[in-house]
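Asker: Which chain is which? The protein sequence lines are X and B, in order. Going by the working numbering, the first sequence opens with residue 2, and the numbers climb by one from there. Going by the working numbering, the second sequence opens with residue 17, and the numbers climb by one from there. Glycine included, each C-beta is placed from N, C-alpha and C at the ideal position.
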Amino acid sequence: MSATSVNLARDIRATALKMVYEANASHIGGAFSMADLLAVLYDNVLKIDPAIPKDEARDRFLLSKGHACTSLYAVLGLKGFFDLKDLDTYTKNGSSFLSHTSHKVPGVELSTGSLGHALSVSCGLALAAKRKGRSFRTFCLLSDGELDEGSNWEAILFAQQYKLDNLVAIVDYNKIQSFGDVEEVIGLSPLDKKFESFNWNVIEADGHDHADIEKAFSKAASAKGKPSVVIAHTVKGKGVDYMEHKLLWHYKSPSKEQYEEALKQLSK
Amino acid sequence: MRTAFIQQLIEEARKNEKIFLITGDLGFSVLEPFANEFPDRFLNAGVAEQNMTGLAAGLAMEGYTVFTYSIANFPTLRPMEQIRYDVAYHNLNVKVVAVGGGYAYASLGASHHATEELGMIRTIPNMVVCAPGDPAEARAITTALTKHKGPAYIRLGKAGEPKVHTSLDSIRVGEAICVRKGQRTAVLTTGAMLMYAFEHKENKEKNYSLYSFPFVKPIDSATLRDIAKTHSNIITLEEHQRSAGFGSAVLECLHDLQESGEIDTIPNVKRIAIPDQFVSVAGTQEYLRSLSGLNM
Numbered sequence: 002m003s004a005t006s007v008n009l010a011r012d013i014r015a016t017a018l019k020m021v022y023e024a025n026a027s028h029i030g031g032a033f034s035m036a037d038l039l040a041v042l043y044d045n046v047l048k049i050d051p052a053i054p055k056d057e058a059r060d061r062f063l064l065s066k067g068h069a070c071t072s073l074y075a076v077l078g079l080k081g082f083f084d085l086k087d088l089d090t091y092t093k094n095g096s097s098f099l100s101h102t103s104h105k106v107p108g109v110e111l112s113t114g115s116l117g118h119a120l121s122v123s124c125g126l127a128l129a130a131k132r133k134g135r136s137f138r139t140f141c142l143l144s145d146g147e148l149d150e151g152s153n154w155e156a157i158l159f160a161q162q163y164k165l166d167n168l169v170a171i172v173d174y175n176k177i178q179s180f181g182d183v184e185e186v187i188g189l190s191p192l193d194k195k196f197e198s199f200n201w202n203v204i205e206a207d208g209h210d211h212a213d214i215e216k217a218f219s220k221a222a223s224a225k226g227k228p229s230v231v232i233a234h235t236v237k238g239k240g241v242d243y244m245e246h247k248l249l250w251h252y253k254s255p256s257k258e259q260y261e262e263a264l265k266q267l268s269k
Numbered sequence: 017m018r019t020a021f022i023q024q025l026i027e028e029a030r031k032n033e034k035i036f037l038i039t040g041d042l043g044f045s046v047l048e049p050f051a052n053e054f055p056d057r058f059l060n061a062g063v064a065e066q067n068m069t070g071l072a073a074g075l076a077m078e079g080y081t082v083f084t085y086s087i088a089n090f091p092t093l094r095p096m097e098q099i100r101y102d103v104a105y106h107n108l109n110v111k112v113v114a115v116g117g118g119y120a121y122a123s124l125g126a127s128h129h130a131t132e133e134l135g136m137i138r139t140i141p142n143m144v145v146c147a148p149g150d151p152a153e154a155r156a157i158t159t160a161l162t163k164h165k166g167p168a169y170i171r172l173g174k175a176g177e178p179k180v181h182t183s184l185d186s187i188r189v190g191e192a193i194c195v196r197k198g199q200r201t202a203v204l205t206t207g208a209m210l211m212y213a214f215e216h217k218e219n220k221e222k223n224y225s226l227y228s229f230p231f232v233k234p235i236d237s238a239t240l241r242d243i244a245k246t247h248s249n250i251i252t253l254e255e256h257q258r259s260a261g262f263g264s265a266v267l268e269c270l271h272d273l274q275e276s277g278e279i280d281t282i283p284n285v286k287r288i289a290i291p292d293q294f295v296s297v298a299g300t301q302e303y304l305r306s307l308s309g310l311n312m
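(1) Within the region 18 to 59 of chain X, note down every full alpha helix (DSSP H) run reaching 4 residues or more, in order along the chain.
(2) How would you call Gly240/X, buried or exposed, if buried means at least 16 neighbouring beta carbons within 10 angstroms?
(3) So is Pro95/B buried or exposed if we call it buried at 16+ other beta carbons inside 10 Å?
(4) Quick test of the definition: if touching needs 3 or more C-beta pairs under 8 Å, does the region 71 to 89 of chain B touch the region 118 to 134 of chain X?
(5) I believe Asp56/X touches Leu47/X by the beta-carbon criterion, under 8 Å. Please report the beta-carbon distance rounded to the nearest angstrom.
(6) For a test of the three-state rule: what should DSSP assign to Arg57/B, helix, strand or coil?
(7) If I measure Cβ to Cβ from Ile29/X and keep anything under 6 Å in the same chain, skipping five residues before and after, which residues do I get?
(8) If you follow the alpha helix (DSSP H) that Lys133/X is part of, which residue opens it and which one closes it?
(9) If you measure from the beta carbon of Gly43/B to each beta carbon in chain X, is any gap under 7 Å?
(10) Residue range of the beta strand (DSSP E) that Arg61/X falls in?
(11) Taking 7 Å as the threshold (C-beta atoms), are Met17/B and Leu172/B in contact?
(12) Taking just the CA atoms, how far does Gln23/B sit from Thr84/B?
(13) Helix or strand or just coil, what does DSSP make of Gly313/B?
(14) Identify every run of the alpha helix (DSSP H) within the region 146 to 231 of chain B, keeping only runs that are complete inside it and at least 4 residues long; order them along the chain.
(15) How many angstroms separate the CA atom of Gly125/X from the CA atom of Leu108/B?
(16) Closer than 8 Å, Cβ to any Cβ of chain X: which residues of the region 264 to 292 of chain B, in chain order?
(17) Starting from the beta carbon of Glu97/B, find every residue of chain X whose beta carbon is closer than 7 Å, and list them in chain order.
(18) Give me the subset of the region 65 to 91 of chain X whose CB atoms are less than 8 Å from a CB atom of chain B, sorted by chain position.
(19) Nearest chain B C-beta to Glu215/X closer than 7 Å, yes or no?
(20) Is the beta carbon of Ala202/B closer than 7 Å to that of Ile250/B?
(21) Between the region 100 to 129 of chain X and chain B, which residues of the former have CB atoms less than 9 Å from a CB of the latter, in chain order?
(22) Suppose the cutoff is 6 Å on Cβ atoms and the five residues either side in sequence are ignored; what does the same chain contact list for Phe90/B look like?
(23) Taking the alpha-carbon positions, what's the Lys227/X to Lys164/X distance?
(24) If you pair each beta-carbon of the region 110 to 120 of chain B with each one of the region 227 to 237 of chain B, do three or more pairs fall below 8 Å?
(25) Measure the Cβ-Cβ separation of Glu255/B and Gly166/B and say whether it is below 7 Å.
(26) Flag this pair as touching only if the region 112 to 125 of chain X and the region 143 to 162 of chain X have three or more C-beta atom pairs under 8 Å; answer yes or no.
(27) Roughly how many whole angstroms lie between the Cα atoms of His298/B and Tyr121/B?
(28) For the putative contact between Arg155/B and Ala20/B, defined by C-beta atoms under 8 Å, what is the C-beta separation to the nearest angstrom?
(29) At the level of alpha carbons, what is the spacing between Arg138/X and Leu168/X?
(30) Against chain X, which members of the region 71 to 84 of chain B pass a CB distance test of less than 9 Å?
(31) Using 8 Å as the threshold, is the region 209 to 224 of chain X in touch with the region 174 to 192 of chain X, meaning 3 or more CB pairs across them?
(32) I'd like to check one pair, Pro148/B with Pro283/B: are the Cβ atoms closer than 7 Å?
(33) What does Arg59/X reach in chain B if we use C-beta pairs closer than 8 Å?
(34) Looking at chain X, is there any beta carbon in it that lies within less than 7 Å of the beta carbon of Gln66/B?
(35) How about Cys146/B: is its Cβ closer than 6 Å to a heavy atom in the ligand NAP?
(36) Between which two residues does the alpha helix (DSSP H) harbouring Arg30/B extend?
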């Protein structure tokens, strides 16, 4: 486990929280549930260079759950893709920092916001790498709720047919979607068996344990002949006790008192 | 038209190694020559048009010029959001190709009629929208679009359409073609209605002008301006709903030309298009056209 990734995760959460608080925006719960995944990816998994954001050899990372963009913007800013101060413009008039992931932001590969899009595009990137003999890998982070979208299952079928072992899907499985618990809306369980039956290499991980996340990505890297999915078991709102497991934080922006309390908890 | 398209695409692919063709599991006995000659730049995405279009966006992000191919409604209506958001918003080099525009697949029913898509796609920023009128236009447009940077939609007919143009070496994106110069009335067609207007006896007898507008967007406003200045009547003809299609694009353009002072008056415009209806009976393409009043 890397100490830097743990610090990075803390800074991602604090940065995302500030953005959401100041903009009176939503989706902090889903931004927090994937913060540790982003921290490990950007700390020591993705081959990327913030100085050359369009380097042809870079690994591609696509955030399919575009509504959780604050954590992605935060990690990109913290890694130096742009000045962290730029994040102060989040949702303000004329800013590129939209409240759904925008490709106008340095380091972002694809604009997302409508769910069920990025995995197909990721298949295109991974296929291009295969056809051109390039060694970069493509990572696509999805929410659990968006697996309701049929387009994802078209892509899941496609990726195994074309043996895209340079593609890693990551499911931020926080078990809560827009209007309730995943199992009560459109149940996904058993999600591992579903991916296995679609001929994917399935790896489960504790999505908040950095050592476990690292191990999962390392297993994905050694898979041959089939795409990998990391099913990351996470907690919506992870890191702030009054947000954890609460659907409310899909929508709500913290009050001043809540903001200060959350910052206190995150700095521990 | 589809044969002309694929033959031309093969010729272009021999010169341009970025050209990539994806089919949605259709094109049996049509696409094989491309697949055989360029196996690394061809794939069958299966019956999954949303994924096919997102996939095309991804390939285009990596430098390919990607053509997605299927029948009428499938590569257009089904993945409309992927066209808008993945392809057009990111301004990617993806060309959506539909065979069997309008009522070409007549007896297959409303599911297979592409009669709204020109209007739908026309409203999406960055998209070029075209419907060639004959095989010669299909060839020239295929070449033009392989060179055009950005997304496009091409509505083809089916197969076996006769040639209207004896020669057409090239076409610019957005260019209309004067087929016949006449007087007073100009008939403007898009897509496969060109042959109908070309052969129409009354058109010839009355010495109408005939123009093919294979590009619905961008529309050739310079040619429209010249037509408006030299004709008192315009008839538009399309195999598409009356709303938002080619006739609508012509009216919008004429209005803008008048507003900007480029023309003084707008000629009388008669739009021949499908009168906001589905056709739910069997028959030939000609029969369905007549049911929808697509005649002069």
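Answerer: The structure says:
(1) If you keep only unbroken alpha helix (DSSP H) runs of at least 4 residues inside the region 18 to 59 of chain X, you get 29 to 34, 36 to 41.
(2) Gly240/X is buried by the Cβ-count criterion.
(3) Buried: at least 16 other Cβ atoms inside 10 Å.
(4) In short, these stretches touch, since the Cβ pair count reaches three.
(5) Contact flag wrong, Cβ pair sits at about 12 Å.
(6) In the structure shown, Arg57/B adopts helical secondary structure according to DSSP, grouped into three states.
(7) Cβ neighbours of Ile29/X beyond the five flanking positions: Val21, Trp250.
(8) From DSSP, the alpha helix (DSSP H) with Lys133/X extends over 119 to 133.
(9) Not one chain X Cβ lies under 7 Å of Gly43/B.
(10) 61 to 64 is the span of the beta strand (DSSP E), which, as asked, contains Arg61/X.
(11) The answer is yes: Cβ separation under 7 Å.
(12) Looking at the backbone, the Cα of Thr84/B and that of Gln23/B are separated by about 16 Å.
(13) The requested residue 313/B does not occur in the structure, where chain B is confined to residues 17 to 312.
(14) Runs found: 151 to 163, 209 to 215, 217 to 221.
(15) Using only the alpha carbons, I get a separation of about 13 Å.
(16) Taking 8 Å as the Cβ-Cβ cut-off, the region 264 to 292 of chain B has no residue approaching chain X.
(17) What Glu97/B touches in chain X: Ser115.
(18) In summary, no residue of the region 65 to 91 of chain X has a CB separated from any CB of chain B by less than 8 Å.
(19) Closer than 7 Å: no.
(20) Yes, the Cβ-Cβ distance between Ile250/B and Ala202/B is below 7 Å.
(21) Closer than 9 Å at the C-beta level to chain B, one finds these residues of the region 100 to 129 of chain X: His104, Glu110, Leu111, Ser112, Thr113, Gly114, Ser115, Gly117, His118, Ala119, Leu120, Ser121, Val122, Ser123, Cys124, Gly125, Leu126, Ala127, Leu128, Ala129.
(22) So the qualifying residues of the chain are Gly40, Glu65.
(23) The straight-line gap from Cα to Cα measures roughly 5 Å.
(24) Not touching, per the Cβ criterion.
(25) Judged by beta-carbon spacing, Gly166/B lies beyond the 7 Å limit of Glu255/B, meaning their Cβ atoms are not closer than that value.
(26) Of all C-beta pairs linking the region 112 to 125 of chain X to the region 143 to 162 of chain X, three or more are shorter than 8 Å, placing the two stretches in contact.
(27) Note that residue 298/B is Ala in the sequence shown here, rather than His. When rounded, the distance between both Cα atoms is 10 Å.
(28) Their Cβ separation, rounded to whole angstroms, is 5 Å, which keeps Arg155/B and Ala20/B in contact under 8 Å.
(29) Taking the straight line joining both Cα atoms gives about 6 Å.
(30) Within the region 71 to 84 of chain B, the residues whose Cβ lies closer than 9 Å to some Cβ of chain X are Leu71, Ala72, Ala73, Gly74, Leu75, Ala76, Met77, Glu78, Gly79, Tyr80, Val82, listed in chain order.
(31) Short answer: they don't touch.
(32) When the beta-carbon positions are compared, Pro283/B and Pro148/B stay at least 7 Å from each other.
(33) Going along chain B, no residue has its Cβ under 8 Å from Arg59/X, so there is no contact; the nearest lies around 12 Å.
(34) Interface residue (Cβ-Cβ distance to chain X less than 7 Å): Gln66/B is classified as such.
(35) In the structure on display, the ligand NAP does not appear, and there are no ligands present to speak of.
(36) Looking at the DSSP string, the run of the alpha helix (DSSP H) that includes Arg30/B is 18 to 31.
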